[in-house]
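Okay, so here's the structure we're looking at.
Residue numbers (the working numbering): 112 to 834.
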């Protein structure tokens, strides 16, 4: 196939025949010709007249273009064919065909003798995982479809599924960036092709341009042909508003099907996030469709307006080609594969045609092989003597080269031995140095949390009691719990991720969040360091900034996983403002320590978001051992082991801590709370007051490690010569 100078790709659609001829001009591909022939009637509505319409379109095409000797690639509908993608177990490459055949027998819902089938291997670079795509179509349907072409003596070289032809076209034109979804919307159905790297996923939706037309025909009581004309001219019609209102249910159904497909893909490929959608197919000429999808899918939707092979050199063809390029992706991908430029090389060409072509290609080599054998026999002995004579003359050169090679090999081995010396000592130095690195990350996180608390304003117990309980600007933190996640992308990329989780009631000891991986074992002092039970890495090592590349951007800057902690703050406030007071003080202050301020202060972390998870009125102080705010949650410097708002709590915005007898580190003077209180409703710090009506709250905080570096200034970006 790669030896052909040109090839036709023919997409025989429900509404029209679309063909594109691709050729080679030196080292590049160019579009030499194209054709679009609309059927007199939609094939799906033609009934017994369908075959006649197909034959008429192909006859017109063959009459207008000389295609008898040019290879032709044809497409079959994604709806009429079968596709499955399966990850293969790790096996030797020579055993893959056997395993694929076994999987084909299991997956294809027909006996293999009744289908034409093929497969394609997909494997990411440097990845041991191999995925196989199995493609099949009933043999009688393929033979009937190909018969339309061979009946006119067209040189059918391959048969490919339409969505795979689209993938070949988009892959060749380098339109796959990250996870990209292509929507090829035809008359009867819409093909969804989701591509990421070297992998592809397909789904066909039973919604197409005809659904819009049929809705208009029913709504306005028109014939199908008149409804089709009304749809095509909707943008300029004086009844445009009524037309789009009538088509709105189809718009909604399409969005629902696409969202369902995206959800299923995300459940199978948990690390993938679709970045954008590229629209293909004539139905996307419908005004408002692209904008509607973009608004409802919350994704960028782009219409394709050009192909990498350019436009035909004929100016008359070039204008028409540009107008219809959105409908030609399938034909373009078929022609690419026929020229050996397709990423996917599988074909559903019937076996009897394939065997006939193989025999035809081989027969022309038989005569040539016989002639070559004859000439080779004559020249063999003369060539042997000539080469032996030349070898003997160069014996001394061979000897010198061998000596040089032996010396170089010995020196290389000596140098490798030198490099290995001292390796153990170097590793001990690295280990010793790493033990004191990044030990200030968690203290800094705790200081940030403490500094976000409001200052109560009181410095003595008398001053505090002088302020009515409901008016006190006081927040008491009882516990700080953290869970480490090696990748927080799911919450960072989802604007509702933390809010949705906060609405769910907070964070349990091992609760996953927004698709994040499950954390590891519980670390010391109630913190989860994300490690397994036998992992020797400490929480300090988990908090260490990630290694940076050449640009110093770290993991987050290079687009990799973004590590961090989900921190749960639990506490109480007597302020009558309740959740509003907490949100306007503690939560608001936490959010000021964002990525920009972290970069400015060269901090090793920043706070992505903070949300209130729960805020409920307290009725009584829980007794010790009840499970509420237990000692394992009190990660506040190891102060005490009390519960509730007792020992180990943090007061105010200056890091004031209590040990059960009074304040540690300044603040309110002596006269602290009693060690025990008989009344469960009594305030443990001010026994004469009741805690009934105080607000008990939980706040979730997303702390991200490795802030990205600041963007270069305009001065830094200027060339040296311009400064």
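Virtual Cβ for every residue (Gly too), placed ideally from N, Cα, C.
Predicted model, so just to flag it, every value in this text is computed and none were measured.
Shortest alpha-carbon distance to residue 672 belongs to which of 594, 816 and 571? Here residue 672 refers to the residue found at position 561 of the chain shown. Closest option to residue 672, Cα to Cα, is 816.
Taking the runs of the beta strand (DSSP E) that are 3 residues or longer, which of them lie wholly in the segment 403-481? 411-414
Out of curiosity, what's the CA-to-CA distance linking residue 520 and residue 527? Mapped onto the chain shown, residue 520 falls at position 409. Mapped onto the chain shown, residue 527 falls at position 416. Cα to Cα, the separation comes out at about 11 angstroms.
If you draw a straight line from the alpha carbon of residue 139 to that of residue 453, how long is it in whole angstroms? Numbered from 1 along the chain shown, position 28 holds the residue referred to as residue 139. Numbered from 1 along the chain shown, position 342 holds the residue referred to as residue 453. Taking the straight line from one Cα to the other gives about 14 angstroms.
Go ahead and label residue 329 buried or exposed: buried means 16 or more other beta carbons lie within 10 angstroms of its beta carbon, across all protein chains shown. Taking the first residue of the chain shown as 1, we reach residue 329 at position 218. The residue is exposed, with fewer than 16 neighbouring Cβ atoms inside 10 Å.
Would you check if the distance between the CB atom of residue 726 and the CB atom of residue 693 is smaller than 8 angstroms? Residue mapping note: residue 726 aligns to position 615 of the chain shown, counting from 1. Residue mapping note: residue 693 aligns to position 582 of the chain shown, counting from 1. Yes, these two residues count as a Cβ contact at 8 angstroms.
Just mark residue 713 as buried or exposed, buried being the case when its beta carbon has 16 or more other beta carbons within 10 Å. For the purposes of this step, residue 713 is taken as the residue at position 602 of the chain shown. Classification for residue 713: exposed.
Any heavy atom of the ligand NAD closer than 7 angstroms to the Cβ of residue 421? Absent from the structure shown: the ligand NAD. Ligands present: none.
So, are the CB atoms of residue 275 and residue 243 less than 8 angstroms apart? Translated into the one-based positions of the chain shown, residue 275 becomes position 164. Translated into the one-based positions of the chain shown, residue 243 becomes position 132. Cβ distance not < 8 angstroms, so residue 275 and residue 243 don't count as in contact.
Taking the DSSP output, what are the residues bridged to residue 400? Residue 400 sits at position 289 when you count from the first residue of the chain shown. The partner list for residue 400 (beta bridge, DSSP) is empty, contrary to what the question assumes.
Using 8 angstroms as the limit for Cβ to Cβ distance, is residue 300 near chain B? Structure shown: chain B not included; a single protein chain is present.
On a Cα-Cα basis, can you pick out the residue from 715, 581 and 373 that is closest to residue 806? Taking the first residue of the chain shown as position 1, residue 806 is located at position 695. It is 581.
Could you give the DSSP three-state label for residue 817: helix, strand or coil? Position 706 of the chain shown, counting from 1, holds the residue named residue 817. Reduced to three states, the DSSP call for residue 817 is coil.
Same chain only: Cβ atoms within 8 angstroms of residue 348, ignoring 5 sequence neighbours per side: What you label residue 348 is simply residue 237 of the chain shown in a count that begins at 1. Closer than 8 angstroms at the Cβ level, and outside the excluded window around residue 348, lie 341 and 354.
Opposite residue 119 in the DSSP bridges: which residues? For the purposes of this step, residue 119 is identified with residue 8 of the chain shown, where counting begins at 1. The partner list for residue 119 (beta bridge, DSSP) reads 132 and 183.
Just curious, the alpha helix (DSSP H) that residue 536 is in, first and last residue? Numbered from its first residue, the chain shown carries residue 536 at position 425. It spans 534-545 - the alpha helix (DSSP H) in which residue 536 sits, taken as one unbroken run.
Closest to residue 368 by CA distance: which of 336, 318 and 678 is it? Indexing the chain shown from 1 puts residue 368 at position 257. Comparing Cα-Cα distances from residue 368 to each of 336, 318 and 678, the minimum goes to 318.
Residues in its own chain within less than 6 angstroms of residue 247 by CB, not counting five upstream and five downstream? Stepping through the chain shown from its first residue, residue 247 is reached at position 136. Here the set comprises 193, 219, 226 and 228.
Assuming residue 588 and residue 686 form a contact by the criterion Cβ under 8 angstroms, report the distance between their Cβ atoms to the nearest whole angstrom. Position 477 of the chain shown holds residue 588. Position 575 of the chain shown holds residue 686. Actually they do not touch by this definition, with Cβ atoms about 14 angstroms apart.
Can you give the beta carbon distance from residue 576 to residue 797, rounded, assuming they're within the 8 angstroms contact cut? If you number the chain shown from 1, residue 576 lands on position 465. If you number the chain shown from 1, residue 797 lands on position 686. 6 angstroms between Cβ atoms; contact.
Unbroken alpha helix (DSSP H) run spanning residue 599, endpoints: Here the question's residue 599 lines up with position 488 in the chain shown. Careful: residue 599 lies outside any alpha helix (DSSP H) and carries neither H nor E.
Keeping to the same chain, check which residues put their C-beta closer than 6 angstroms to that of residue 289; ignore five residues upstream and five downstream. For the purposes of this step, residue 289 is taken as the residue at position 178 of the chain shown. 386.
Quick test of your reading: residue 131 and residue 142, contact by CB under 8 angstroms. State the CB separation rounded to the nearest angstrom. Numbered from 1 along the chain shown, position 20 holds the residue referred to as residue 131. Numbered from 1 along the chain shown, position 31 holds the residue referred to as residue 142. 6 angstroms between Cβ atoms; contact.
Residue 165 vs residue 123 beta-carbon contact at 8 angstroms: Counted from its first residue, the chain shown places residue 165 at position 54. Counted from its first residue, the chain shown places residue 123 at position 12. For residue 165 and residue 123, yes; Cβs fall inside 8 angstroms.
Measuring only the C-alpha atoms, how far is residue 400 from residue 419? Here the question's residue 400 lines up with position 289 in the chain shown. Here the question's residue 419 lines up with position 308 in the chain shown. When rounded, the distance between both Cα atoms is 25 angstroms.
At which residue ranges does the segment 183-247 contain complete alpha helix (DSSP H) runs of 4 or more residues, listed in the order of the chain? 207-218
Using only CA atoms, which one of 402, 405 and 440 lies nearest to residue 133? The residue you call residue 133 lines up with position 22 of the chain shown. Residue 133 has its Cα closest to that of 440, out of 402, 405 and 440.
What are the boundary residues of the beta strand (DSSP E) that includes residue 390? Taking the first residue of the chain shown as 1, we reach residue 390 at position 279. Unbroken beta strand (DSSP E) run through residue 390: 385-391.
Just to confirm, is the Cβ distance from residue 563 to residue 701 under 8 angstroms? In the chain shown, counting from the first residue as 1, residue 563 sits at position 452. In the chain shown, counting from the first residue as 1, residue 701 sits at position 590. Their beta carbons are under 8 angstroms apart, which means residue 563 touches residue 701 by this criterion.
Looking at residue 241: is its Cβ nearer than 8 angstroms to the Cβ of residue 185? For this step, residue 241 is matched to residue 130 along the chain shown. For this step, residue 185 is matched to residue 74 along the chain shown. No; because the gap between Cβ atoms is not below 8 angstroms, this pair is not in contact.
Unbroken alpha helix (DSSP H) run spanning residue 342, endpoints: As a working note, residue 342 is residue 231 in the chain shown. 335-343 is the span of the alpha helix (DSSP H), which, as asked, contains residue 342.
Where residue 664 and residue 717 are concerned, what is the direct C-alpha to C-alpha distance, given to the nearest angstrom? Numbered from 1 along the chain shown, position 553 holds the residue referred to as residue 664. Numbered from 1 along the chain shown, position 606 holds the residue referred to as residue 717. Low per-residue confidence applies at residue 664: pLDDT is 36, beneath 50, and the placement is therefore not dependable, though the value from the model is reported in the following sentence. Those two C-alpha atoms are separated by around 15 angstroms.
Please state whether DSSP places residue 801 in a helix, a strand or coil. Taking the chain shown and counting its residues from 1, the one referred to as residue 801 is at position 690. Reduced to three states, the DSSP call for residue 801 is strand.
If you count every other CB in all the chains shown that lies within 10 Å of the CB of residue 121, and 16 or more means buried, which is it? Reading the chain shown from its first residue, position 10 is the one you call residue 121. By the neighbour-count rule (16 or more Cβ atoms within 10 Å), residue 121 is buried.
Please check the pair residue 339 and residue 324, which I expect to be a contact at CB under 8 angstroms, by giving their CB distance rounded to whole angstroms. For the purposes of this step, residue 339 is taken as residue 228 along the chain shown, with counting starting at 1. For the purposes of this step, residue 324 is taken as residue 213 along the chain shown, with counting starting at 1. Indeed they touch by this definition, with Cβ atoms about 5 angstroms apart.
Does the Cβ of residue 409 have 16 or more other Cβ atoms within 10 Å, making it buried, or fewer, making it exposed? Along the chain shown, read from residue 1 onward, the residue named residue 409 stands at position 298. With fewer than 16 other Cβ atoms within 10 Å, it is exposed.
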